[in-house]
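Engineer: All residue numbers for the sequence shown refer to this note's numbering, where the first residue is 32 and numbers rise by one. Structure in structure tokens, see below.
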Amino acid sequence: IYFIRDLLHAVKSIEHMEESNNQKIFQGVIQTLFDEPQHFIELSLWKHLLKFQSLEILVRNQWLHILKSPAFIDVVRVYEKLFVDTDFKINVLGQESYDANQKIAVVSKLKVRLTKHMYLFFENAIMTEEVLKKDKTRSICYNICEDLLYFGNNREKFGNSWKEYEHHLHQWFLRECYMLKDVNWTKQFFTQQLIRQQFPIFAHKEVSNVFSQLQWQRSKDQFTQSFNETFRERYNYFKEKLTAGNCSCYSEDKQDIPPLLTAALSMSSSVSQFKKLPGYVLKQTCTYIVYVMDNPRGNKPVFMSFAQNRDIHIFTKSKFHKFKSGASICK
Numbered sequence: 032i033y034f035i036r037d038l039l040h041a042v043k044s045i046e047h048m049e050e051s052n053n054q055k056i057f058q059g060v061i062q063t064l065f066d067e068p069q070h071f072i073e074l075s076l077w078k079h080l081l082k083f084q085s086l087e088i089l090v091r092n093q094w095l096h097i098l099k100s101p102a103f104i105d106v107v108r109v110y111e112k113l114f115v116d117t118d119f120k121i122n123v124l125g126q127e128s129y130d131a132n133q134k135i136a137v138v139s140k141l142k143v144r145l146t147k148h149m150y151l152f153f154e155n156a157i158m159t160e161e162v163l164k165k166d167k168t169r170s171i172c173y174n175i176c177e178d179l180l181y182f183g184n185n186r187e188k189f190g191n192s193w194k195e196y197e198h199h200l201h202q203w204f205l206r207e208c209y210m211l212k213d214v215n216w217t218k219q220f221f222t223q224q225l226i227r228q229q230f231p232i233f234a235h236k237e238v239s240n241v242f243s244q245l246q247w248q249r250s251k252d253q254f255t256q257s258f259n260e261t262f263r264e265r266y267n268y269f270k271e272k273l274t275a276g277n278c279s280c281y282s283e284d285k286q287d288i289p290p291l292l293t294a295a296l297s298m299s300s301s302v303s304q305f306k307k308l309p310g311y312v313l314k315q316t317c318t319y320i321v322y323v324m325d326n327p328r329g330n331k332p333v334f335m336s337f338a339q340n341r342d343i344h345i346f347t348k349s350k351f352h353k354f355k356s357g358a359s360i361c362k
């Protein structure tokens with residue numbers, strides 16, 4: 032597959048692609064590689080990669096019209112890769128009109144921009160309305176809303192299908208938020224009164240019938256419903272102790288680690304503007320907790336990694352560790 036890639040690059044560099052005859056021949060080769068990869072590659076995985084590689088060449092050169100019916104999802108993935116990883120530059124959001132393939136490019140461009148904005152926003156966002164008092168996070172939130180409203184603001188370019196594109200984009204954005212910050216955090220954050228007042232897209236059905244349906248209600252038992260009675264008892268014990276500010280409740284019994292961590296996670300995801308939990312909360316891109324396992328050759332530190340951009344209570348023998356900087360904070 033790498034030989035084919037390098038050979039195509041060499042041909043494209045040597046031959047004069049501005050000449051229509053050369054261009055048609057080259058397009059025909061790419062189309063054959065895309066339609067019949069089994070004639071060039073035996074392994075099924077590499078066949079898919081060859082199709083993707085061929086599709087990337089067609090997208091980069093705006094030759095998608097030569098394909099009869101490329102898979103929508105494959106074209107989206109190629110555009111996303113080009114917008115993220117390469118110097119592929121096309122002012123797709125500023126065009127006066129769009130054909131079917133250019134509309135796919137618009138969807139991909141918006142997803143790439145929204146992804147970048149989401150990561151920046153969630154690095155600073157917390158479970159309070161205070162986040163909008165910061166110029167940086169407020170500006171990012173405005174940019175997110177602008178991209179989410181793109182199809183509604185440009186409906187004349189997309190005809191009767193603009194609502195379908197917008198609905199798809201809003202559902203995708205919500206799923207990404209769920210994966211980045213979990214369902215409970217996302218619902219609680221975007222249903223805050225100040226968020227909905229300043230950004231109508233999260234409040235009014237006529238603006239978005241996806242975000243306007245978000246509802247959040249605190250559930251005390253959501254973290255224990257799937258576990259047995261012993262786990263539930265230990266979970267409730269640790270949660271009660273941590274809420275009271277007792278971070279020395281861990282007795283170094285390894286069986287207590289799962290309910291202990293679950294209690295800490297449940298508290299971190301439910302912090303809101305109405306309640307400040309005591310104890311330490313580390314806010315960083317990725318947080319780790321370390322504990323020591325018995326080992327015949329000596330104590331062995333074990334690292335556990337949590338989801339990114341969470342505010343998590345971290346404790347071990349009354350010490351709080353921030354391993355990215357190497358610092359530890361003692362109680």
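Every residue gets a Cβ at the ideal spot worked out from N, C-alpha and C, and that includes glycine. As the structure is a prediction and not an experimental result, all values here were calculated from the model.
Secondary structure at ALA295, three-state DSSP: helix, strand or coil?
Structural biologist: Residue state, collapsed to three classes: helix.
Engineer: Starting from the N-terminal side, write out each stretch of the alpha helix (DSSP H) that is 4 residues or longer and does not extend beyond the region 134 to 213.
Structural biologist: Correct list: 166 to 179, 181 to 184, 186 to 189, 193 to 212.
Engineer: Do you know offhand how far GLU97's Cα is from LYS120's?
Structural biologist: For clarity, residue 97 is Ile in the given sequence; the question names Glu instead. Rounded to whole angstroms, ILE97 to LYS120 spans 21 angstroms at the Cα level.
Engineer: Per DSSP, what kind of secondary structure is LYS99 in: helix, strand or coil?
Structural biologist: In this structure, LYS99 counts as coil in the three-state DSSP scheme.
Engineer: LYS270: buried (16+ other C-beta within 10 angstroms of its C-beta) or exposed?
Structural biologist: So LYS270 counts as buried.
Engineer: Measuring CB atoms only, is the region 47 to 65 touching the region 108 to 127, in the sense that at least three cross pairs come out at less than 8 angstroms?
Structural biologist: No, they do not touch.
Engineer: Compute the Euclidean distance between the alpha carbons of LYS272 and MET210, then round it to the nearest angstrom.
Structural biologist: In a straight line, the C-alpha of LYS272 is about 29 angstroms away from that of MET210.
Engineer: How is LYS64 classed by DSSP in three states: helix, strand or coil?
Structural biologist: The sequence given here places Leu at residue 64; Lys does not occur at that position. Of the three classes helix, strand and coil, the one that applies to LEU64 here is helix, per DSSP.
Engineer: From PHE233 to CYS176, what distance separates their C-alpha atoms?
Structural biologist: Rounded to whole angstroms, PHE233 to CYS176 spans 9 angstroms at the Cα level.
Engineer: Does the distance from the C-beta atom of THR217 to that of GLN246 stay below 8 angstroms?
Structural biologist: Cβ atoms of THR217 and GLN246: not closer than 8 angstroms.
Engineer: Within 10 angstroms of the Cβ of ALA358, are there 16 or more other Cβ atoms? Answer buried if so, exposed if not.
Structural biologist: Confidence at ALA358 is low in this model, with a pLDDT of 41, below 50, so its placement is unreliable and no value can be given for it.
Engineer: According to DSSP, simplified to helix, strand and coil, what is LEU39?
Structural biologist: In this structure, LEU39 counts as helix in the three-state DSSP scheme.
Engineer: Could you have a look at VAL115 and say whether DSSP puts it in helix, strand or coil?
Structural biologist: DSSP places VAL115 in helix when its eight states are reduced to three.
Engineer: Specify the secondary structure class of GLN54 as computed by DSSP and reduced to three states.
Structural biologist: Of the three classes helix, strand and coil, the one that applies to GLN54 here is helix, per DSSP.
Engineer: Enumerate in chain order the residues of its own chain whose CB-to-CB distance from ASN277 is below 8 angstroms, with the five nearest sequence positions on each side excluded.
Structural biologist: Closer than 8 angstroms at the Cβ level, and outside the excluded window around ASN277, lies no residue.
Engineer: If you compare alpha carbons, which of SER279, ASP287, SER239 is closest to THR261?
Structural biologist: Of SER279, ASP287, SER239, the residue nearest in Cα terms is ASP287.
Engineer: My output table needs one value for THR222: the three-state DSSP class, helix, strand or coil.
Structural biologist: Coil.
Engineer: Excluding the five sequence neighbours on either side, which residues of its own chain have a C-beta within less than 7 angstroms of the C-beta of ALA15, listed in chain order?
Structural biologist: The requested residue 15 does not occur in the structure, where the chain is confined to residues 32 to 362.
Engineer: For ASN53 and GLU154, I'd like the C-alpha separation in whole angstroms.
Structural biologist: C-alpha separation (whole angstroms): 50 angstroms.
Engineer: Taking the CB atoms as reference points, tell me whether LEU200 and LEU141 lie closer together than 8 angstroms.
Structural biologist: Closer than 8 angstroms, so yes.
Engineer: Tell me the rounded alpha-carbon separation between ASP105 and PHE83.
Structural biologist: About 7 angstroms.
Engineer: Closest by CA to GLU195, which one among VAL162, LEU163, ILE135, PHE230?
Structural biologist: It is ILE135 whose Cα lies nearest to the Cα of GLU195.
Engineer: Check whether the Cβ atoms of SER85 and ILE56 lie closer than 8 angstroms to each other.
Structural biologist: Not in contact: SER85 and ILE56 (Cβ atoms no closer than 8 angstroms).
Engineer: Could you spell out the range, first to last residue, of the alpha helix (DSSP H) harbouring ILE88?
Structural biologist: From DSSP, the alpha helix (DSSP H) with ILE88 extends over 75 to 91.
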